[in-house]
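S.K.:
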Amino acid sequence: MSMSDAARTTTTRTRTPPKRTFSDVELDLDQLAESFDVPPSTSSSASSAMAIASSSASASSSSTFASPCPPHPATILITDSPASRSKATLLLTSKQKPKHPHPRTSMQHPSSSAPIKVGVLGATGTVGQRFLTLLAAHPWFAVDALGASPRSAGKKYKDAVSWKQSTPIPQGVRDVVVRECRPENFAQCKIVFSGLDADVAGEIEEAFRAANLAVFSNAKNFRRDPHVPLIVPLVNPHHLSIIPQQQALFSPALTSGFIVTNANCSTTGYVIPLAAMEKAFGPLECVMVTTLQAISGAGYPGVPSLDILDNVIPYISGEEEKIEWETLKILGGISTKESEVTSADGQQVVKKEVKTFDMHAAHPLRVSASCNRVPVIDGHTECVSVRFARRPPPSPQQVREALAAYTPEAQALGCPSAPCRAIVVHEEPDRPQPRLDRYYQDGAGVSVGRVRQCQVLDVKFVVLANNVSIGAATSSIINAEYAVLKNVVQL
1 MSMSDAARTT TTRTRTPPKR TFSDVELDLD QLAESFDVPP STSSSASSAM AIASSSASAS
61 SSSTFASPCP PHPATILITD SPASRSKATL LLTSKQKPKH PHPRTSMQHP SSSAPIKVGV
121 LGATGTVGQR FLTLLAAHPW FAVDALGASP RSAGKKYKDA VSWKQSTPIP QGVRDVVVRE
181 CRPENFAQCK IVFSGLDADV AGEIEEAFRA ANLAVFSNAK NFRRDPHVPL IVPLVNPHHL
241 SIIPQQQALF SPALTSGFIV TNANCSTTGY VIPLAAMEKA FGPLECVMVT TLQAISGAGY
301 PGVPSLDILD NVIPYISGEE EKIEWETLKI LGGISTKESE VTSADGQQVV KKEVKTFDMH
361 AAHPLRVSAS CNRVPVIDGH TECVSVRFAR RPPPSPQQVR EALAAYTPEA QALGCPSAPC
421 RAIVVHEEPD RPQPRLDRYY QDGAGVSVGR VRQCQVLDVK FVVLANNVSI GAATSSIINA
481 EYAVLKNVVQ L
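Numbering (UniProt numbering), first residue to last: 1 to 491.
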């Protein structure tokens, strides 16, 4: 037999790999370490490696802050210091992105062991597809109905959709028949997630609210409504407290229906570190933000390739105004004032105390935004400078520590889709980067780096957020989870 024949025989031979033990992994680490001139492991090296793996946010982020979250999909972190030149720290990690980004995906919702039936409006669109991908293995929610345009209604979902996600259509919805977006077609649902285009979302979402369905919307239509909360779940889920007023003003018969919106994708990413800083150091006075926004933020088919390839487009219609206004509503509080209110039947005007969003009025905040479209598929990068009201301002190191320690209520409460870490803080000068960091925790948190002194304001930094995850469907789902845990959704 020739050598080439033997090689072919060898490559076609299959065998079942033996079960591997932790000792095998330790041996692999020792062998790999030898190639980097690292001393072989002692009897405690395996446990040390596990400790490193469990305490590191990521090999590639080299964050100095411990976390229970899964590390980044990397295996080696090269360190290069005068004391330890060309050494390697070996991390026991998976190279595959975890299907679930956190350890809470098996938890039961508190009210019942039965799944909560939900529907998705705009199910064939890009945001609707993302909703279905995230809901496929959700521990609480079960997709019961899919809504789309009349031309898609009556078809099986697999035949109606032009699927654009990186994973296959979830098996549970492939053969579900798509329905028109009418409340009677979603009668078994408690919650509907709306991925509808703004051109049609307004009337449809209002109809579902009137039918006593809880609507969690990704559309922009009701973001400026004075009675509709605009929620980034890692910042202001407490704004759900205005929902009883929304229901009372809309209709006396409204007991469980309401509308909640999540913010514009570019606003969502950067208000999370802003909220962390205000929590730690008090109000901000001034914010300047320049965005580098991914093309997926424009929807599908999005920006023409001849416009975006080898180019940066320094204008996104309406985007700068959205950021500047939404920031105030999200970071602001809720105040109570006496106002004249017309009864739902329109017959009388009465004076009563009403809740309003104060738009950060107690400490006026100025926001200046400049928005750019860049040739990146997913992940909005934003360069931010801030000025604090307090004097002297916190140091960059104090800001880093506050960002890393930030624990939003949705995370502490145990919302299953909330990230283990709302903010991952990078120490390297060239991070975060969209290609490297956008999928960490399945895009449910944000990454912050380059925290440093600003010579014009106080502190500046770079933040990266996955615009199709926490910037869209993931936010709506966490909002719904929080509403269930707080009994805002009537089960």
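Glycine residues also receive a C-beta, built at the ideal position from the N, C-alpha and C atoms.
Keep in mind it's a predicted model, so treat the numbers as computed, not measured.
In three-state terms, what does DSSP make of serine 194?
M.R.: Correct three-state label for serine 194: strand.
S.K.: In this structure, does DSSP put proline 17 in helix, strand or coil?
M.R.: Only weak support exists for where proline 17 lies, its pLDDT of 40 falling under 50; the value from the coordinates is given anyway. Three-state result, proline 17: coil.
S.K.: To the nearest angstrom, how far is it from the Cα of glutamine 363 to the Cα of leucine 331?
M.R.: Correcting the residue type first, residue 363 is histidine in the shown sequence and not glutamine. Roughly 11 Å between the two C-alpha positions.
S.K.: Skipping 5 residues on each side, what residues in its chain have a beta carbon closer than 8 Å to that of alanine 83?
M.R.: Here alanine 83 scores only 36 on pLDDT, less than 50, and its place in the model is too uncertain to base an answer on.
S.K.: How is asparagine 487 classed by DSSP in three states: helix, strand or coil?
M.R.: Three-state DSSP puts asparagine 487 in coil, outside helix and strand.
S.K.: For the region 389-428, list the alpha helix (DSSP H) runs that are entirely contained and at least 4 residues long, ordered along the chain.
M.R.: The region 389-428 contains these whole alpha helix (DSSP H) runs: 396-405, 409-413.
S.K.: By the three-class DSSP mapping on this structure, what secondary structure does glutamine 246 have?
M.R.: Reduced to three states, the DSSP call for glutamine 246 is helix.
S.K.: In angstroms with no decimal places, state the Cα-to-Cα distance between asparagine 218 and arginine 438.
M.R.: Taking the straight line joining both Cα atoms gives about 20 Å.
S.K.: Helix, strand or coil for alanine 480? Go by DSSP, reduced to three states.
M.R.: Helix at alanine 480.
S.K.: From which residue to which residue does the alpha helix (DSSP H) around glutamate 338 run?
M.R.: Careful: glutamate 338 lies outside any alpha helix (DSSP H), inside the beta strand (DSSP E) at 334-342.
S.K.: Taking just the CA atoms, how far does cysteine 415 sit from threonine 291?
M.R.: Threonine 291 and cysteine 415: Cα-Cα distance of roughly 29 Å.
S.K.: Using a Cβ-Cβ cut-off of 6 Å (strictly less than) and excluding sequence neighbours within five positions of aspartate 175, which residues of its own chain qualify?
M.R.: If we look at aspartate 175 and ignore the five residues flanking it on each side, its Cβ neighbours are Lys156.
S.K.: Pick helix, strand or coil for lysine 122, following the three-state DSSP scheme.
M.R.: Position check: residue 122 holds glycine in this sequence, whereas lysine was assumed. In the structure shown, glycine 122 sits in coil (DSSP, three-state: anything other than H, G, I, E or B).
S.K.: Just the Cα atoms here: how many angstroms apart are proline 283 and phenylalanine 461?
M.R.: Spanning the two alpha carbons is a distance of roughly 17 Å.
S.K.: Histidine 363 by DSSP, collapsed to three states: which one?
M.R.: DSSP places histidine 363 in coil when its eight states are reduced to three.
S.K.: In chain order, what residues of the same chain have a beta carbon less than 6 Å from the beta carbon of arginine 366, not counting five sequence neighbours either side?
M.R.: So the qualifying residues of the chain are Cys286.
S.K.: Proline 304 and asparagine 372: beta carbons closer than 8 Å?
M.R.: Cβ distance not < 8 Å, so proline 304 and asparagine 372 don't count as in contact.
S.K.: Quick check on DSSP: helix, strand or coil for aspartate 144?
M.R.: Looking at aspartate 144 - three-state DSSP - the assignment turns out to be strand.
S.K.: Nearest by alpha-carbon distance to asparagine 487: which of Pro237, Ala389, Lys322, Ala402 is it?
M.R.: Comparing Cα-Cα distances from asparagine 487 to each of Pro237, Ala389, Lys322, Ala402, the minimum goes to Pro237.
S.K.: Is the number of C-beta pairs between the region 251-269 and the region 217-232 that are closer than 8 Å three or more?
M.R.: Result yes; three or more Cβ-Cβ pairs closer than 8 Å.
S.K.: Skipping 5 residues on each side, what residues in its chain have a beta carbon closer than 6 Å to that of histidine 360?
M.R.: Excluding residues within five positions, the ones whose Cβ falls inside 6 Å are Leu328, Leu331, Gly332.
S.K.: Answer yes if the region 403-415 comes into contact with the region 339-353, meaning at least three C-beta pairs across the two stretches below 8 Å, and no otherwise.
M.R.: Output reads no: the region 403-415 does not touch the region 339-353.
S.K.: Please tell me whether serine 296 and isoleucine 377 are closer than 8 Å, where the distance is taken between their beta carbons.
M.R.: Yes; because the gap between Cβ atoms is below 8 Å, this pair is in contact.
S.K.: Determine the DSSP secondary structure at cysteine 265, reduced to helix, strand or coil.
M.R.: Three-state result, cysteine 265: helix.
S.K.: Nearest by alpha-carbon distance to serine 370: which of Ser241, Gly147, Thr267 is it?
M.R.: Of the listed residues, the one whose Cα sits closest to serine 370 is Thr267.
S.K.: With distances taken from CA atoms, which of Arg391, Leu234, Ala275 is nearest glycine 445?
M.R.: The shortest C-alpha separation from glycine 445 is found at Leu234.
S.K.: Quick one, are the C-beta atoms of arginine 387 and leucine 436 less than 8 Å apart?
M.R.: Not in contact: arginine 387 and leucine 436 (Cβ atoms no closer than 8 Å).
S.K.: Check serine 62 in the structure and name its three-state DSSP category.
M.R.: Because the pLDDT at serine 62 is just 38, under 50, the model does not fix this residue reliably, and the value given afterwards should be weighed accordingly. In the structure shown, serine 62 sits in coil (DSSP, three-state: anything other than H, G, I, E or B).
S.K.: Using CA atoms only, rank isn't needed, just tell me which of Ile169, His227, Arg421 is closest to isoleucine 334.
M.R.: Checking every option, the nearest Cα to that of isoleucine 334 belongs to His227.
S.K.: Taking leucine 436 as part of the alpha helix (DSSP H), name the residues at either end of that continuous run.
M.R.: Leucine 436 -> alpha helix (DSSP H) spans 434-437.
S.K.: Once DSSP output is grouped into helix, strand and coil, what is the label at serine 241?
M.R.: Three-state DSSP puts serine 241 in a helix.
S.K.: Can you give the beta carbon distance from serine 447 to histidine 426, rounded, assuming they're within the 8 Å contact cut?
M.R.: The pair is a contact, with the Cβ atoms about 6 Å apart (cut-off 8 Å).
S.K.: Roughly how many angstroms separate the alpha carbons of glycine 379 and serine 469, rounded to a whole number?
M.R.: Cα to Cα, glycine 379 sits roughly 9 Å from serine 469.
S.K.: Can you give me the C-alpha to C-alpha distance between threonine 12 and threonine 381, rounded to a whole angstrom?
M.R.: Residue placement at threonine 12 is poorly supported in this model, since its pLDDT is 40, which falls under 50; the coordinates still yield a value, given next. Straight-line Cα distance between these residues: approximately 46 Å.
S.K.: Have a look at leucine 230 and cysteine 454 and give me their C-alpha separation to the nearest angstrom.
M.R.: Near 30 Å, if we compare the C-alpha coordinates of cysteine 454 and leucine 230.
S.K.: Measuring straight from C-alpha to C-alpha, what distance separates glutamate 319 and serine 476?
M.R.: So the two alpha carbons sit approximately 20 Å from each other.
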